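Enquirer:
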Amino acid sequence: IAGQAYFDRVIAEDSRIEPRDWMPAAYRRTLVRQVSQHAHSEIIGMQPEANWITRAPSLKRKAILMAKVQDEAGHGLYLYSAAETLGTPRDVLNQQLLDGKAKYSSIFNYPARTWADMGAIGWLVDGAAIANQVPLCRASYGPYGRAMVRICKEESFHQRQGFEILLELSNGTPAQKQMAQDAVDRFYAPALMMFGPPDDDSPNSKQSMAWNIKRFSNDELRQRFVGMIAEQVKVLGLTLPDPELRYDEETGRWIHMELDWQEFKDVIAGRGPCNAQRMARRREAHENGTWVREAARAYAKKQAAKRAAEEIGAA
Amino acid sequence: IAGQAYFDRVIAEDSRIEPRDWMPAAYRRTLVRQVSQHAHSEIIGMQPEANWITRAPSLKRKAILMAKVQDEAGHGLYLYSAAETLGTPRDVLNQQLLDGKAKYSSIFNYPARTWADMGAIGWLVDGAAIANQVPLCRASYGPYGRAMVRICKEESFHQRQGFEILLELSNGTPAQKQMAQDAVDRFYAPALMMFGPPDDDSPNSKQSMAWNIKRFSNDELRQRFVGMIAEQVKVLGLTLPDPELRYDEETGRWIHMELDWQEFKDVIAGRGPCNAQRMARRREAHENGTWVREAARAYAKKQAAKRAAEEIGAA
Amino acid sequence: TEDVAQYALRLGDDALILAQRLSHWISRGPELEEDIALGNIALDTLGHARSFLTYAGHAWDRTEDDLAYWREEEEFRCAWMVEQPNGDFGVTIARQLVMSVYQYLLYSKLVDSTDATLAAIAAKALKEVDYHRDHAIQWTVRLGDGTEESHDRMQAALELVWPYVDELFDDDALIDAVGDAGVRPSSLRETFDAHLAEVLAEATLDLPDVPRARGGGRRGEHTEHLGYILAEMQVLARKHPGATW
Amino acid sequence: TEDVAQYALRLGDDALILAQRLSHWISRGPELEEDIALGNIALDTLGHARSFLTYAGHAWDRTEDDLAYWREEEEFRCAWMVEQPNGDFGVTIARQLVMSVYQYLLYSKLVDSTDATLAAIAAKALKEVDYHRDHAIQWTVRLGDGTEESHDRMQAALELVWPYVDELFDDDALIDAVGDAGVRPSSLRETFDAHLAEVLAEATLDLPDVPRARGGGRRGEHTEHLGYILAEMQVLARKHPGATW
Chain U
8 IAGQAYFDRV IAEDSRIEPR DWMPAAYRRT LVRQVSQHAH SEIIGMQPEA
58 NWITRAPSLK RKAILMAKVQ DEAGHGLYLY SAAETLGTPR DVLNQQLLDG
108 KAKYSSIFNY PARTWADMGA IGWLVDGAAI ANQVPLCRAS YGPYGRAMVR
158 ICKEESFHQR QGFEILLELS NGTPAQKQMA QDAVDRFYAP ALMMFGPPDD
208 DSPNSKQSMA WNIKRFSNDE LRQRFVGMIA EQVKVLGLTL PDPELRYDEE
258 TGRWIHMELD WQEFKDVIAG RGPCNAQRMA RRREAHENGT WVREAARAYA
308 KKQAAKRAAE EIGAA
Chain C
8 IAGQAYFDRV IAEDSRIEPR DWMPAAYRRT LVRQVSQHAH SEIIGMQPEA
58 NWITRAPSLK RKAILMAKVQ DEAGHGLYLY SAAETLGTPR DVLNQQLLDG
108 KAKYSSIFNY PARTWADMGA IGWLVDGAAI ANQVPLCRAS YGPYGRAMVR
158 ICKEESFHQR QGFEILLELS NGTPAQKQMA QDAVDRFYAP ALMMFGPPDD
208 DSPNSKQSMA WNIKRFSNDE LRQRFVGMIA EQVKVLGLTL PDPELRYDEE
258 TGRWIHMELD WQEFKDVIAG RGPCNAQRMA RRREAHENGT WVREAARAYA
308 KKQAAKRAAE EIGAA
Chain G
-9 TEDVAQYALR LGDDALILAQ RLSHWISRGP ELEEDIALGN IALDTLGHAR
41 SFLTYAGHAW DRTEDDLAYW REEEEFRCAW MVEQPNGDFG VTIARQLVMS
91 VYQYLLYSKL VDSTDATLAA IAAKALKEVD YHRDHAIQWT VRLGDGTEES
141 HDRMQAALEL VWPYVDELFD DDALIDAVGD AGVRPSSLRE TFDAHLAEVL
191 AEATLDLPDV PRARGGGRRG EHTEHLGYIL AEMQVLARKH PGATW
Chain E
-9 TEDVAQYALR LGDDALILAQ RLSHWISRGP ELEEDIALGN IALDTLGHAR
41 SFLTYAGHAW DRTEDDLAYW REEEEFRCAW MVEQPNGDFG VTIARQLVMS
91 VYQYLLYSKL VDSTDATLAA IAAKALKEVD YHRDHAIQWT VRLGDGTEES
141 HDRMQAALEL VWPYVDELFD DDALIDAVGD AGVRPSSLRE TFDAHLAEVL
191 AEATLDLPDV PRARGGGRRG EHTEHLGYIL AEMQVLARKH PGATW
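Protein chains in written order, with the numbering used here: chain U, 8 to 322; chain C, 8 to 322; chain G, -9 to 235; chain E, -9 to 235.
See below:
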């Protein structure tokens, strides 16, 4: 069997679709969008952390942070590769980002104002990312799932490092502890919003779940994450800025405060704190690199021509 | 009478040559070289001081320093105008600077490493410049002499400000006083070398003096300057790094240490601390400004064409 | 009063950070005349900053230098516009166009402040800002209607700074509190828009259509740029606590 | 010994400041692969800095962080080459070409140091620097023999950094004092020149003919750039004396 029937069976068996398999156009489109958005998020996500590399307060932390931001570039690469297996080349995807036609995770439109943000981003942002991504390791599209496995492993390492930064600050001077608490206060709500709008306002989720791309609903993932950090924050000796946070024994669910979905929509619409800055920086890097990429292409062409001439000469 | 005879009489009467007067080609050449070198020195001389504008330690000092560096740009403008009256346009002179064909005062190839250098540059470098320039106010070429009058007035204001910076530092904390002494130590010898090589090694001086451009020999100016700062340094509560410095009652002259003329030649030949940096910065500013200058020219042309069309229409 | 001091602090911080940014151009301008012009503008603007900060500091027994050198990032009250990097000459001109027109309109009203000191500072600043405005407009027109390259660069420059325009005109509780001692930013917007539209039309440039950045400078929430600006501006003063210069 | 510590300090400062400069490229590279490559090189180089500074610090009971964050400008011992601004990608590659070949030759000899720690650090660093060298050479050739624009830019980049080459190979009293524990810089010059000549020939680039800058980094006399580098690098650590991170 082939075509739709094969695809349906693979999905029904919770098995994997591979690049050469037939797949519905909408499935392909959805995946290209999701995987490339994820890739773009890794790339734009380098910026808030790169902002502190040159100012990291110890050489050890500087090294860890450099390695982390570099890992993100690596994640971007895997994900663009996964997206390319679906037929859209990386430069097309990159152009969509530069043109503002493709989205990236809106969390990266928040500024990294202090060193403690390196902790909060690691702990909360990477933490939410992992909660989102661990189920994606079983995504029905093979290359995506496999990329996710590798990424999740590194992300959980990053999350531990973020936690460690906050722990060190929390056990440090009063000013350091204040810095840590302030960062957690600023990143808590944006991190919760990373799971997307509430289930009753998330129209695409159902289809993604039917295709075995998404495995849990936004709200399920969110409340699971909130439960996790509610425990971890105690170890940190800090608090979460959520007076309503509690575990509801009856439903077995975590209850958290109402989130400001208007803010979420504003940031997605480009009205966040750093949207313009992030895009400007990305475009600038791309433009400044044009002559370099052109040179690399021209050189490769010359070399290929030379090799071809040699082969003819040798023949 | 006209031509050589008129020129000779003007020189003999210690009167002034004006742009439209006949003058010997060598006189014109000498003046173009001297005046443009002087202009270039003002322009390059902005750099060591501009280096501290953004870091000036008080808002008042920041304002004074900004005003001073801006004055130097103004001096550059007067001097280029004076040079232009001799027939060489500013963009030609500027290109000579950018191409490394024209010189500028080698003192500006020394770095401004600390804030105290703002004091030392004002007191010693501007001080030496004034000692050089006051006699130039009577230079036989009118536009040059008149530009010098205006410049000297401002320079002596700058020198006082430099002295004031050092005085404040000298009366400040031990670290500030040390910073001041260190700056004086570094700028003393280079400032003395600003008067040029010793008289017996200064072949062009004689002709310049005959033409009433130069009025005193290098060594005369130098020892006069050294006498002046030898007195002023006591008020500052600092010392000059010259164990041999003394007033010789017999000859009525100040004696100072032997200067390192090899260093002087090295710096002139481009091997100073900042020659490459200064030129790179000037070229970069020029290149970055190309599109702006082109735009201004294009706009002026369009406007002129519009006005011409309107006049035709009105006629 | 505390409110007036806080208000003066905003105006002072806008001017201070703008002057700091502009001063970087001295010795780097596209031509000698611009080294002088931008230097002049920076110097004027620094002067305004000093007046406003000195006045604000009276309320807390702090000098202009205490406020400039010894506050932390989150204690600054400047708008995001002035924190934007210089970019190329076009970006600096775009930022100047916005800031000089904004400050011109603001000071034009502030001369009628019920607070005599603010009114006096504004009166002095107004004449200077009028020149800054003229300078920025002339260059906007020249670059916009110059070459194809300069047109494109100037248009791109406007797009870059435009997200930060709206914040300048945001009202907030402090504006209510200062009342007639200050100027309500929103009240300047219409004139600003009309003026800018005229300039951009003459410059053959399009009004950018880009979303606003959130802003937050008036609450001490700044862009990622401010930390770098302050690190440089404050480094020397902070190495010598208690010293005078 | 004090001499060996001073010698390690030089090597450490070269690596530290170079890493600081390089790290600025992360998230700004011409393509994603270069964000990763330059990030890797910066990270390796920072690692070398940490080893050398930790070792140097033993002599004075100071940690790597004491040395990185709490020394003043004139206490640093880096060469002027590493203080040079990144410029465009070509300038960074030109600086990398010089530094990676220099460090490769230096560490190749330092593995035979009579000081076991220096020898061990060099042995580890050597493998990494070999990759850095390869990266810089490949890009030099690609840019030199790429397009006309890239050729011109790369040639200009070489001219920009070349005045700072000679200082790297200057001997001085400390080199005499450390003897066989260190490497005599002048002894590396011939191989360096030969190697560079080969690379530039392949890249169709000319060896720059420009006068050397005086130098003085080994004596604590630095370019005007270092103050800015340190202001940024040290700002946070210095705001929290005694804190751990």
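We treat Cβ as the ideally placed atom computed from N, Cα and C, and that holds for glycine.
It should be emphasised that the depicted structure is a prediction, and the values quoted were computed from it without experimental measurement.
Please list, in chain order, the chain U residues whose beta carbon lies closer than 9 Å to that of Val200 of chain G.
Expert: Gly277, Ala283
Enquirer: Would Pro64 of chain U count as contacting chain G if we go by Cβ distances under 8 Å?
Expert: Chain G, which has no Cβ nearer than 8 Å to the Cβ of Pro64 of chain U, makes this no.
Enquirer: Should Ile26 of chain E be labelled buried (16 or more other beta-carbon atoms within 10 Å of its own) or exposed?
Expert: Classified as buried, Ile26 of chain E has 16 or more neighbouring CB atoms from the shown chains inside 10 Å of its CB.
Enquirer: For Thr213 of chain G, return the contacting residues in chain U, with the cut-off set at a CB-CB distance below 8 Å.
Expert: Pro118, Pro280, Cys281, Gln284
Enquirer: Quick one: residues in its chain with C-beta nearer than 6 Å to the C-beta of Met5 of chain U, no 5 flanking neighbours on either side, listed in chain order?
Expert: Any property of residue 5 of chain U remains undetermined from this structure, which presents chain U solely from 8 to 322.
Enquirer: Using a cut-off of 7 Å between C-beta atoms, extract the partners of Ser13 of chain G located in chain C.
Expert: Ile60, Thr61, Met73
Enquirer: Under the rule that 16 or more other beta-carbon atoms within 10 Å means buried, what is Thr234 of chain E, buried or exposed?
Expert: exposed
Enquirer: Check whether the Cβ of Gly206 of chain G lies closer than 8 Å to any Cβ atom in chain U.
Expert: yes
Enquirer: So, is the C-beta of Leu220 of chain G closer than 8 Å to a C-beta in chain A?
Expert: Protein chains U, C, G and E are contained in the structure displayed, whereas chain A is not.
Enquirer: Figure out for me which residue from G:His215, G:Phe159, G:Lys99 has the closest Cα to the Cα of Glu64 of chain G.
Expert: If you compare the alpha carbons of G:His215, G:Phe159, G:Lys99 with that of Glu64 of chain G, the shortest gap goes to G:His215.
Enquirer: What is the DSSP secondary structure of Glu208 of chain C, counted as helix, strand or coil?
Expert: According to the sequence as given, residue 208 of chain C is Asp; it is not Glu. Asp208 of chain C falls in the helix class under three-state DSSP.
Enquirer: Could you tell me whether the segment 100 to 107 of chain G touches the segment -8 to -1 of chain E, where touching means 3 or more Cβ pairs closer than 8 Å?
Expert: At 8 Å Cβ cutoff, the stretches do not touch.
Enquirer: Could you work out which residues of chain E lie near Val119 of chain G, taking near to mean beta carbons separated by less than 8 Å?
Expert: Per Cβ cutoff of 8 Å: no residues; Val119 of chain G is ~30 Å from chain E at best.
Enquirer: Tell me the start and end of each unbroken alpha helix (DSSP H) in the segment 31 to 103 of chain U that is at least 4 residues and wholly inside, in chain order.
Expert: 32 to 51, 53 to 57, 66 to 91
Enquirer: Measuring only the C-alpha atoms, how far is Met201 of chain U from Asp133 of chain U?
Expert: 10 Å
Enquirer: Grouping DSSP H, G and I as helix and E and B as strand, with all else coil, what is Tyr117 of chain U?
Expert: Taken through DSSP and simplified to helix, strand or coil, Tyr117 of chain U comes out as coil.
Enquirer: Which residues in the same chain have their Cβ closer than 6 Å to the Cβ of Gly205 of chain G, if we skip the five residues on either side of it in sequence?
Expert: Trp70, Glu157
Enquirer: Touch check for the segment 219 to 237 of chain C and the segment 275 to 291 of chain C: three-plus C-beta pairs under 8 Å?
Expert: Counting Cβ pairs under 8 Å, fewer than three are found: no touch.
Enquirer: Buried or exposed: where does Glu24 of chain E fall if 16 or more other Cβ atoms within 10 Å of its Cβ makes it buried?
Expert: buried
Enquirer: Buried or exposed: where does Met216 of chain U fall if 16 or more other Cβ atoms within 10 Å of its Cβ makes it buried?
Expert: The residue is exposed, with fewer than 16 neighbouring Cβ atoms inside 10 Å.
Enquirer: By alpha-carbon positions, which one of G:Leu6, G:Leu96, G:Gly210 ends up nearest to Asp55 of chain G?
Expert: G:Leu6
Enquirer: Classify Val240 of chain C as buried or exposed, calling it buried when 16 or more other Cβ atoms lie within 10 Å of its own Cβ.
Expert: buried
Enquirer: Please tell me whether Trp60 of chain E has its Cβ less than 8 Å away from any Cβ of chain U.
Expert: No, Trp60 of chain E lies away from the interface with chain U (no Cβ there is under 8 Å from its Cβ).
Enquirer: Quick one: list the residues of chain C neighbouring Ala203 of chain E, beta-carbon separation under 8 Å, in chain order.
Expert: Arg278, Gly279, Pro280, Cys281, Asn282, Ala283, Gln284
Enquirer: Would you identify the three-state DSSP class for Trp235 of chain E, choosing helix, strand or coil?
Expert: Coil.
Enquirer: Counting contacts by CB-CB distance shorter than 8 Å, is Val225 of chain G in contact with chain E?
Expert: yes
Enquirer: Which whole runs of the alpha helix (DSSP H) in the segment 151 to 182 of chain U are 4 residues long or more, in chain order?
Expert: none
Enquirer: Assign Gln102 of chain U to buried or exposed, taking buried as 16 or more other Cβ atoms, counted over all protein chains shown, within 10 Å of its Cβ.
Expert: Classified as exposed, Gln102 of chain U has fewer than 16 neighbouring CB atoms from the shown chains inside 10 Å of its CB.
Enquirer: From Ser90 of chain E to Lys184 of chain U, what does the alpha carbon distance come to, in whole angstroms?
Expert: A straight-line Cα-Cα distance of about 41 Å links Ser90 of chain E and Lys184 of chain U.
Enquirer: At least one CB of chain E closer than 8 Å to the CB of Ala287 of chain C: is that the case?
Expert: yes
Enquirer: Is Arg314 of chain U helix, strand or coil by DSSP?
Expert: helix
Enquirer: Does the separation of the CB atoms of Ala312 of chain U and Arg132 of chain E fall below 8 Å?
Expert: no
Enquirer: Quick one: residues in its chain with C-beta nearer than 7 Å to the C-beta of Phe42 of chain G, no 5 flanking neighbours on either side, listed in chain order?
Expert: Ala(-2), Leu1, Gly2, Ala5, Ile111
Enquirer: Do Gln74 of chain G and Val151 of chain G count as a contact pair if the criterion is CB distance below 8 Å?
Expert: yes
Enquirer: Can you tell me the Cβ-Cβ gap for Pro118 of chain C and Thr130 of chain E, rounded? I've got them flagged as a contact below 8 Å.
Expert: The Cβ separation is near 29 Å, so there is no contact.
Enquirer: Ile236 of chain C by DSSP, collapsed to three states: which one?
Expert: helix
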